[in-house]
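Notes follow once the structure below has been shown.
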Amino acid sequence: MAASTKPILKVQDIVKSFGRRSVLNGVSLLMRRGELSAIVGENGAGKSTLLKILVGLTVADSGNVTTNGRVGYCPQDSLVFETLTVKENFHYFASAYGLERNKEDGGDWKKEKDVWLEYFKFKQYENALVSTLSGGTKQKLNLSLALLHAPDMLILDEPFAGFDWETYLHFWELTEGLRSAGKSILIVSHFIYDREKFDRIYELKDGVIECA
Amino acid sequence: MTMRELLRSRMAIILIFLIPTLFYILISLTTPHRMIPFKLPSVSGEPVIEISMRYESLVFIGLAAVGFIVAFLAMNLIQKQTEANRRLILCGYWPMELIISKLAVLLCVIVLISLFVAAMLSLFFRPERFLMVVMAFALGGFVYGCYGLLIGALCKRELEGMLFIVLLTQIDVGWLQNPTFYADAQHTSIIRYLPAFYPSQMSMVTAFTAYSIMNSLIGSLLYGSAFMIISILIFRWKMGTRKQRIFL
Chain A
82 MAASTKPILK VQDIVKSFGR RSVLNGVSLL MRRGELSAIV GENGAGKSTL
132 LKILVGLTVA DSGNVTTNGR VGYCPQDSLV FETLTVKENF HYFASAYGLE
182 RNKEDGGDWK KEKDVWLEYF KFKQYENALV STLSGGTKQK LNLSLALLHA
232 PDMLILDEPF AGFDWETYLH FWELTEGLRS AGKSILIVSH FIYDREKFDR
282 IYELKDGVIE CA
Chain B
2 MTMRELLRSR MAIILIFLIP TLFYILISLT TPHRMIPFKL PSVSGEPVIE
52 ISMRYESLVF IGLAAVGFIV AFLAMNLIQK QTEANRRLIL CGYWPMELII
102 SKLAVLLCVI VLISLFVAAM LSLFFRPERF LMVVMAFALG GFVYGCYGLL
152 IGALCKRELE GMLFIVLLTQ IDVGWLQNPT FYADAQHTSI IRYLPAFYPS
202 QMSMVTAFTA YSIMNSLIGS LLYGSAFMII SILIFRWKMG TRKQRIFL
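Shown next, in the form of structure tokens:
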């Protein structure tokens, strides 16, 4: 599906320094609904800093980030609760998203949970402690938790780490499905294969972003 | 969920019950029944009482056990899974919701451990006011639990946190507050300003006398609350996220 003209993420002149070291020098980008974009760059280019600013984990020295919808964030490391089961993690995050309080807004989170457990084929681990899961299965949980509240935009930090080939292919089916539903996806990664799948690829170099 | 996480640490649960039991057994095997006089500096007039050294040591070690265990558990409660907690906040939780859930778990832990340690104590002798001894242990747990929260909020790494807890608990609740040491100590005003002074005094007063505990009660609550407020502020600051503005 072609991206609509309606913007969903607007980043304007983001500047960020750590002490004397300047990391981002006036980064701007725009994402529209249904768009699939990527931010690539070498190690230390400022990708993680930019991403943290986008999701609200870090404050920029100057500039603005504005969004027009719900954002789902999938961090690079599986930031899940290791001593809880997969099901309990879904419950915890559903509660954080407010899906338990507001059923009209998020639908029934248990159904959503089952959808993602089936989709990523890890339903058999529903009652397993996260600490006992493989890296790939943790990553599936990590991604499922970002999708649980049906976000309008998904921000993914190195999402392919730990995926096997089948899951990788499955992931692209998922992105196509999300795009058809008008959702936007922003992937931040060192390497981007299958460049033709993206509407836009931004390259971050020396604190400046360019649309490749 | 926080309580579930804690209950899944089976070894920790075993140690919670094993440590005070071991402490009590060691004290009862090694400490004589010789009568010793000591002062109660938190009571007006600072009366001197004379009781069995073994009983005094049992009360002292009971409070020390509660302080040690609760401080470590509280640190663990706030220090573990910091990034996952931060993600929950990004997803919509208020930092205060997480803090309240952690404080609720801490409160349950304090009550449970205090009851257990006081119940064990009553196997060795009958304290003058049993329920007040439970309360004194709980206040010791509260003061050191809030100290554990503070250390957990301040230190990123577990080892640093553990060393900070060992540092203060060893010196304070594990040594200087022992009435037999206090009796001959110099510069006792230093000891009076340490966190375990009031809970320690309260446990001695309630275990052996009918004197008022108001000073100890207020002192303990103030000390614990100060630690708690500072740790909440630090945790809140560390968990801070910036919500994006919505545009049309």
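Heads up: the sequence lines are chains A and B, in that order. The first sequence maps to residues 82 to 293 in this note's numbering. The second sequence maps to residues 2 to 249 in this note's numbering. Think of the CB as a built atom: it goes at the ideal place given N, C-alpha and C, for glycine as much as any other residue.
- Leaving out five residues on either side along the sequence, give the residues of the same chain with a beta carbon under 6 Å from the beta carbon of Leu195/B. One-based indexing of the second sequence puts residue 195/B at position 194. If we look at Leu195/B and ignore the five residues flanking it on each side, its Cβ neighbours are Asp173.
- Item | Unbroken alpha helix (DSSP H) run spanning Asn332/A, endpoints | No statement about residue 332/A is possible, as the shown extent of chain A runs from 82 to 293 and does not include it.
- Query: For Glu84/B and chain A, any beta-carbon pair shorter than 8 Å?
  - Reply: By one-based count along the second sequence, residue 84/B stands at place 83. Yes, because at least one Cβ of chain A sits closer than 8 Å to the Cβ of Glu84/B.
- Item | Contacts around Ser103/A, its chain only, beta-carbon distance under 7 Å, and the 5 residues preceding and following it disregarded | Position 22 of the first sequence, counted from the first residue, corresponds to residue 103/A. Taken in chain order, the residues that qualify are Gly288.
- Item | Beta-carbon separation (whole angstroms), Val330/B vs Leu78/B, contact threshold 8 Å | There is simply no residue 330/B to check, as chain B begins at 2 and stops at 249 in what is shown.
- In whole angstroms, what separates the C-alpha of Ala72/B from that of Tyr200/A? Residue mapping note: residue 72/B aligns to position 71 of the second sequence, counting from 1. Residue mapping note: residue 200/A aligns to position 119 of the first sequence, counting from 1. Their Cα atoms are separated by approximately 43 Å.
- Query: Any contact of the segment 133–151 of chain A with the segment 191–210 of chain A, i.e. 3+ C-beta pairs under 8 Å?
  - Reply: no
- Span of the alpha helix (DSSP H), counted from its first residue to its last, around Ile16/B: For the purposes of this step, residue 16/B is identified with residue 15 of the second sequence, where counting begins at 1. Per the sequence presented here, residue 16/B reads as Leu, with Ile not at that position. Run containing Leu16/B: Arg11 to Thr31, per the alpha helix (DSSP H) assignment.
- Burial state of Tyr249/A (16 or more Cβ within 10 Å): The sequence position of residue 249/A within the first sequence is 168, counting from 1. Tyr249/A is exposed by the Cβ-count criterion.
- Item | C-alpha distance - Gly187/A paired with Leu267/A, whole-angstrom precision | Your numbering for residue 187/A matches position 106 in the first sequence. Your numbering for residue 267/A matches position 186 in the first sequence. Because the pLDDT at Gly187/A is just 49, under 50, the model does not fix this residue reliably, and the point stays unresolved.
- Message: Would Ile95/A and Ile120/A be called neighbours here (beta carbons separated by less than 8 Å)?
- Response: In the first sequence, the residue the question calls residue 95/A occupies position 14. In the first sequence, the residue the question calls residue 120/A occupies position 39. No. Outside cutoff.
- Which value, in whole angstroms, describes the spacing of the CA atoms of Val146/A and Ala175/A? As a first step, residue 146/A must be located in the first sequence, where it is residue number 65. As a first step, residue 175/A must be located in the first sequence, where it is residue number 94. About 25 Å.
- Would you mind working out which of Glu51/B, Leu41/B, Val60/B and Ala139/B sits nearest Arg35/B, comparing C-alpha positions? Locating residue 35/B in the second sequence gives position 34, counting from the first residue. Ranking Glu51/B, Leu41/B, Val60/B and Ala139/B by Cα distance to Arg35/B puts Glu51/B first.
- Any idea what DSSP makes of Tyr94/B, helix, strand or coil? Position 93 of the second sequence, counted from the first residue, corresponds to residue 94/B. If DSSP states are grouped into helix, strand and coil, Tyr94/B belongs with coil.
- Message: Between the alpha carbons of Arg276/A and Lys191/A, how many angstroms are there, rounded?
- Response: Translated into positions along the first sequence, residue 276/A becomes position 195. Translated into positions along the first sequence, residue 191/A becomes position 110. When rounded, the distance between both Cα atoms is 35 Å.
- How many whole angstroms separate the CB atoms of Val206/B and Ser217/B, which I take to be in contact at a CB cut-off of 8 Å? If you number the second sequence from 1, residue 206/B lands on position 205. If you number the second sequence from 1, residue 217/B lands on position 216. Going by Cβ atoms, the distance from Val206/B to Ser217/B rounds to 7 Å, so yes, they are a contact pair.
- Below 6 Å CB to CB, which residues in the same chain sit around Gln157/A once its five sequence neighbours on both sides are set aside? Reading the first sequence from its first residue, position 76 is the one you call residue 157/A. Answer for Gln157/A: Asp238 and Glu239, listed in chain order.
- Neighbourhood of Ile100/B by C-beta, 8 Å cutoff - its chain only, sequence neighbours within 5 removed: As a working mapping, residue 100/B is identified with position 99 in the second sequence. Closer than 8 Å at the Cβ level, and outside the excluded window around Ile100/B, lie Ile233, Phe236 and Arg237.
- Please determine, among Val152/A, His271/A, Ala262/A and Lys219/A, the residue with the shortest C-alpha to C-alpha distance to Phe171/A. To locate residue 171/A, count along the first sequence from 1; it is residue 90. Ranking Val152/A, His271/A, Ala262/A and Lys219/A by Cα distance to Phe171/A puts Lys219/A first.
- Task: Could you pull the start and end residues of the beta strand (DSSP E) that Asn106/A belongs to?
- Result: If you number the first sequence from 1, residue 106/A lands on position 25. It spans Arg102 to Arg113 - the beta strand (DSSP E) in which Asn106/A sits, taken as one unbroken run.
- Item | Within 8 Å, strictly: CB atoms of Gly153/B and Gly162/B | As a position in the second sequence, residue 153/B is number 152, starting the count at 1. As a position in the second sequence, residue 162/B is number 161, starting the count at 1. Taking 8 Å as the Cβ cut-off, Gly153/B and Gly162/B qualify as a contacting pair.
- Query: Three-state secondary structure (DSSP) at Ala119/A?
  - Reply: Working through the first sequence from its first residue, we reach residue 119/A at position 38. Of the three classes helix, strand and coil, the one that applies to Ala119/A here is strand, per DSSP.
- Please name the residue, chosen from Lys168/A, Trp253/A and Cys155/A, that lies closest to Tyr129/A on a Cα-to-Cα basis. Mapped onto the first sequence, residue 129/A falls at position 48. Checking the sequence shown, residue 129/A turns out to be Ser, not Tyr. Residue Cys155/A is the option with its Cα nearest to Ser129/A.
- To the nearest angstrom, report how far apart Phe61/B and Tyr25/B are at their CA atoms. For the purposes of this step, residue 61/B is taken as residue 60 along the second sequence, with counting starting at 1. For the purposes of this step, residue 25/B is taken as residue 24 along the second sequence, with counting starting at 1. Whole-angstrom Cα-Cα distance: 10 Å.
- Message: Tell me the DSSP secondary structure of Arg55/B in three-state form.
- Response: Translated into the one-based positions of the second sequence, residue 55/B becomes position 54. Three-state DSSP puts Arg55/B in a helix.
- Could you tell me which chain A residues have their CB closer than 8 Å to the CB of Met2/B, listed as they occur along the chain? Your numbering for residue 2/B matches position 1 in the second sequence. Within chain A, the residues near Met2/B are Phe162, Leu165, Glu169, His172 and Tyr173.
- Message: Could you tell me the alpha carbon to alpha carbon distance between Leu180/A and Leu224/A, rounded to whole angstroms?
- Response: As a position in the first sequence, residue 180/A is number 99, starting the count at 1. As a position in the first sequence, residue 224/A is number 143, starting the count at 1. Going by the C-alpha atoms only, they are around 17 Å apart.
- Would you say Pro240/A faces chain B, with C-beta separation under 8 Å as the test? Reading the first sequence from its first residue, position 159 is the one you call residue 240/A. Closer than 8 Å: no.
- Item | Met158/B, buried or exposed, once every other Cβ within 10 Å from all chains shown has been counted against 16 | Translated into the one-based positions of the second sequence, residue 158/B becomes position 157. The residue you asked about is not Met; residue 158/B is Arg in the sequence shown. Counting Cβ neighbours within 10 Å, Arg158/B comes out exposed, since fewer than 16 surround it.
- Item | First through last residue of the beta strand (DSSP E) which encompasses Pro156/A | Position 75 of the first sequence holds residue 156/A. Premise fails: Pro156/A is in no beta strand (DSSP E) and is neither H nor E.
- Message: Please give me, in chain order, every unbroken run of the beta strand (DSSP E) with length at least 3 that falls completely inside the segment 209–267 of chain A.
- Response: 234–238
- Query: Ala177/A versus chain B: which residues are under 7 Å apart at the beta carbon?
  - Reply: Against the first sequence, residue 177/A aligns to sequence position 96. Simply Leu89, Cys92, Gly93 and Tyr94.
- Is it the case that the Cβ atoms of Ile20/B and Leu151/B are separated by a distance below 8 Å? For the purposes of this step, residue 20/B is taken as residue 19 along the second sequence, with counting starting at 1. For the purposes of this step, residue 151/B is taken as residue 150 along the second sequence, with counting starting at 1. Against a cut-off of 8 Å, the Cβ pair of Leu151/B and Ile20/B comes out as no contact.
- Who are Tyr283/A's beta bridge partners in DSSP? On the first sequence, position 202 is the one that residue 283/A refers to. The partner list for Tyr283/A (beta bridge, DSSP) reads Ile120/A and Cys292/A.
- Taking C-beta to C-beta, are Ile294/A and Asp233/A nearer than 8 Å? Absent from the model: residue 294/A. The displayed extent of chain A is 82 to 293, so no value can be given.
- Query: Counting contacts by CB-CB distance shorter than 8 Å, is Arg130/B in contact with chain A?
  - Reply: Stepping through the second sequence from its first residue, residue 130/B is reached at position 129. It does not; no Cβ of chain A falls within 8 Å.
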